[in-house]
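Residue numbers (my numbering): 678 to 756. Just so you know, even glycine gets a beta-carbon here, dropped at the ideal spot from N, CA and C.
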Amino acid sequence: LNQVERHPLLPQHDLLEYCDSRGIVVQAHSPLGNGSEVLLENDVVVRVARENGTSPAQVLLRWNMQHGVPVVTKFTSEK
C-alpha cells in the first residue's frame with residue numbers, strides 16, 4: 678500500500694502506473710487538499726458539483742474513486 682497525496686491538481690499518473698505494474702495499491706490521502714480551500718473553490722470542481730447537485734468535497738472524493746483509487750480522509754475540528 679502506498680499512500681500519496683492525490684487530487685485533480687496532483688493526479689500522480691506516473692506513480693499510479695508504476696505502482697499498478699508492480700501490484701501496489703495506491704491510496705489517496707488529502708483528496709480534498711492539505712487544509713487549503715484551493716480545491717474546494719476550484720471553478721471546475723464547483724461547476725461539476727453544481728451540475729450534479731453535490732458538494733465540491735463529494736466531487737473530489739468521487740474523482741479518485743472513479744479512477745479506482747481508494748481514499749482516506751481526516752477530520753479536523755476547530756475547538
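Item                                                                                                                  : Value
Just how far apart, CA to CA, sit residue 710 and residue 688?                                                        : 12 Å
For residue 704, does the three-state DSSP call read helix, strand or coil?                                           : strand
By alpha-carbon positions, which one of 686, 698, 719 ends up nearest to residue 705?                                 : 686
Mind checking whether residue 741 and residue 703 have CB atoms under 7 Å apart?                                      : no
Please determine, among 735, 733, 734, 708, the residue with the shortest C-alpha to C-alpha distance to residue 681. : 708
Can you tell me where the alpha helix (DSSP H) with residue 719 in it begins and where it stops?                      : First-last for residue 719: undefined, no H or E at that position.
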